[in-house]
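Have a look at the structure below, then the notes.
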Amino acid sequence: MLGSVNRRNFLLGASALGLAACTSSLPASPVLGHVTVGAGPEAVVVLHEWLGDHTNYDAMVPYLSISRAQYVFADLRGYGLSRAMSGSYTMEEAAGDVVALMDSLGHARFHVVGHSMSGMIAQYLMAQYPDRIKSVIAISPVPATGFKTDATGMGKLRAVITDDEAFRTAVTARTSNRYGTGWVDRKKAMARKASPEAMQGYLAMFTSTDFAARTVGLTIPVALLTGAQDIPFYRTAALEPQFQRAYPRLQVATIADAGHYAMLETPVLLAALIERAVFAEPLNR
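Under the numbering used here, the first residue of the sequence shown carries the number 13, and numbering increases by one thereafter.
Set out below in structure tokens:
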């Protein structure tokens, strides 16, 4: 049983995913729980969104070239393999946790993949630790200005944490209402594994933090990946101008058939786009 050990080898659905053994690490120390896949020379830490954990990426893993990079799928405090870790749930803490994790694995420099709220964390890592970050791949990210909303909007977001109908409304809106009940149930099961305390804390983080002034002119390569079926806030038309102002080495790709959850909706294409960004190849071919 995973909960009884610090680190062990296990098959991450090897028969289904076609992979050799991966490595899982649980947070007996302050290091974030994580799963590593691959043994290539490039190090890539992969971070999850507010309503999921590292298992969001399970469908994408078989399509990564694991001989070219080591992918570290990390769980933030209160989620997945880090559920027992409490904290202040601030941007500074989250970024520091990621750096500590990569230090523990011996990676002095690394790429960061962030999705939604962790797309914001990825940008903060770039601003706070520019010498450590090789590139950022931001999937439907919250921008450095945060997810600004009014009191009514905050009430709706807080309700998502515990109210099933509010959850359904939020998730279906972010996928253009294209999927059935099974999709909502599956996504809800993933989200409800997280600590409600952590979800409240990270909600405050990504709605109240603004570090945009620190990002302007950063020369680290950034790939912005958006879903055409997402809500307008996360679409290319809204995000690209903000990213262009800050990041001179920006590439942008829009996934036509994805909403907010490209790793679940279009995993094969997302894996390809991530690898193109990591290996400094053009996103659009």
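All C-beta atoms, glycine included, are put in the ideal place defined by N, C-alpha and C. Please read all numbers here as calculations on a predicted model, not as lab measurements.
- If you draw a 10 Å sphere on the C-beta of residue 249, you find fewer than 16 other C-beta atoms in it, and that means exposed.
- With respect to the 8 angstroms criterion, residue 173 and residue 211 are classified as neighbours on the basis of their beta carbons.
- Among the bridge pairs identified by DSSP, residue 173 is matched with none.
- Taking a contact as a CB-CB distance under 8 angstroms, the pair residue 240 and residue 263 does not count as one, their CB atoms being some 17 angstroms apart.
- Per the C-alpha coordinates, the member of 252, 167, 131 positioned closest to residue 88 is 131.
- Within the model, the alpha-carbon separation for residue 254 versus residue 233 is close to 15 angstroms.
- Residue 154 is a Cβ neighbour of residue 218, given a cutoff of 8 angstroms.
- For residue 193, there is no enclosing beta strand (DSSP E); the residue is found in the alpha helix (DSSP H) stretching over 193-203.
- DSSP places residue 286 inside the alpha helix (DSSP H), whose first and last residues are 279-290.
- Within the same chain, and ignoring the five residues on either side of residue 265 in sequence, the residues whose Cβ sits closer than 8 angstroms to its Cβ are 235, 236, 237, 238, 285, 295, 296.
- Counting along the chain, residue 265 sits inside no alpha helix (DSSP H); it lies in the beta strand (DSSP E) bounded by residues 262-267.
- Excluding the 5 residues flanking it on each side, residue 142 has same chain C-beta neighbours closer than 8 angstroms at 230, 232, in chain order.
- Within 10 angstroms of the beta-carbon of residue 79 lie fewer than 16 other beta-carbons, which makes it exposed.
- Between residue 151 and residue 125 a beta carbon distance of about 7 angstroms is seen, short of the 8 angstroms cut, so the two are scored as contacting.
- Check the Cα spacing between residue 67 and each of 246, 198, 106, 291: the tightest is with 198.
- Listed in chain order, the beta strand (DSSP E) runs fully inside the region 84-140 are 122-127, counting runs of at least 3 residues.
- The bridge partners DSSP lists for residue 76 come to none.
- Its chain contains 152, 186, 271, 272 as the residues whose beta carbon lies nearer than 7 angstroms to that of residue 242, once the 5 sequence neighbours on both sides are disregarded; these appear in chain order.
- Look at residue 251 here: in three-state DSSP terms it is helix.
- Burial state of residue 61 is buried, judged by a 10 Å Cβ sphere holding 16 or more other Cβ atoms.
- Of the candidates 215, 206, 107, 107 places its Cα closest to the Cα of residue 140.
- Here DSSP, grouped into helix, strand and coil, assigns residue 271 to coil.
- For the pair residue 114 and residue 55, the CB atoms are nearer than the 8 angstroms cut-off.
- Shown here, residue 183 sits in a helix according to DSSP, grouped into three states.
- In terms of CA proximity to residue 59, 122 leads the group 122, 99, 100, 244.
- In this structure, DSSP gives residue 213 a helical state, which the three-state scheme calls helix.
- It is roughly 16 angstroms from the alpha-carbon of residue 148 to the alpha-carbon of residue 275.
- In terms of CA proximity to residue 129, 246 leads the group 201, 246, 225, 289.
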